[in-house]
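Residue numbers for the sequence shown follow UniProt numbering, so the first one is 1 and each next one is one higher. We put the CB at the ideal spot given by N, CA and C, even for glycine. All values derive from a computational prediction rather than experimental measurement. Below you'll find the structure, written out as structure tokens, and then a few comments.
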Amino acid sequence: MSLHFRTARREDVPVIVAMINEDPITAARPSSGEPDYYAAFEAVDADPRNELIVVESDGEAVGTMQITYIPGLSRRGGERALIEAVRVAVPHRNRGIGREMMRWAVERARERGCALVQLTSDKARIEAHRFYGSLGFTASHEGFKLLL
Numbered sequence: 001m002s003l004h005f006r007t008a009r010r011e012d013v014p015v016i017v018a019m020i021n022e023d024p025i026t027a028a029r030p031s032s033g034e035p036d037y038y039a040a041f042e043a044v045d046a047d048p049r050n051e052l053i054v055v056e057s058d059g060e061a062v063g064t065m066q067i068t069y070i071p072g073l074s075r076r077g078g079e080r081a082l083i084e085a086v087r088v089a090v091p092h093r094n095r096g097i098g099r100e101m102m103r104w105a106v107e108r109a110r111e112r113g114c115a116l117v118q119l120t121s122d123k124a125r126i127e128a129h130r131f132y133g134s135l136g137f138t139a140s141h142e143g144f145k146l147l148l
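The following block contains the structure:
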């Protein structure tokens, strides 16, 4: 299967949101009102430290992810890449697309000169944890969140 990686466009928003919402953990999260996905897209798209990616196969969107580049003094001043919202559309799962997406994202971070690639994964995503481990990621930290 040939994959094409590109920057998301405004017209991709419904497909990206559908992939995100196919996930039962995401769907179960409480909402504080009607989200404005287009405003969020515009903010991400305007920020040079963020890339919202669409992955296509034969012209069809089969995956998405966001990469955020974070400058900092830790890691000897090295920039880090945060990979979030990695999704493969349900009909296309278990075909190696997620693995190829992660390889692409890591290489993108390497080309940018990042010192570290990091991600978070809900504790309930046991299969995802195995997947990330198979790619060389280690569960090195405990994460904390505070909903606002």
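Endpoints, alpha helix (DSSP H) assigned at residue i
i, result
"Val17", "Val13 to Asn21"
"Thr120", "Element bounds for Thr120: n/a, residue is neither H nor E."
Distance, residue j Cα to residue i Cα
i, j, result
"Ala139", "Val13", "31 angstroms"
"Ile97", "Met65", "12 angstroms"
"Ile70", "Leu119", "12 angstroms"
"residue 165", "Asp122", "Absent from the structure is residue 165, since the part of the chain shown begins at 1 and ends at 148."
"Asp36", "Glu11", "14 angstroms"
"Asn50", "Leu116", "16 angstroms"
Of the residues the options, the one placed nearest residue i, counting alpha carbons only
i, options, result
"Arg9", "Ala27, Met1, Tyr38 and Ser2", "Tyr38"
"Leu3", "Thr68, Gly113 and Glu100", "Glu100"
"Leu52", "Lys145, Leu146, Phe144 and Ile16", "Ile16"
"Trp104", "Ile25, Val86 and Glu42", "Val86"
Neighbour-count burial assignment, residue i, 16 or more Cβ in a 10 Å radius
i, result
"Gly72", "exposed"
"Ala28", "exposed"
Task: beta strand (DSSP E) runs wholly inside the region 31-79, at least 3 long, in chain order - done: 50-57 and 60-70
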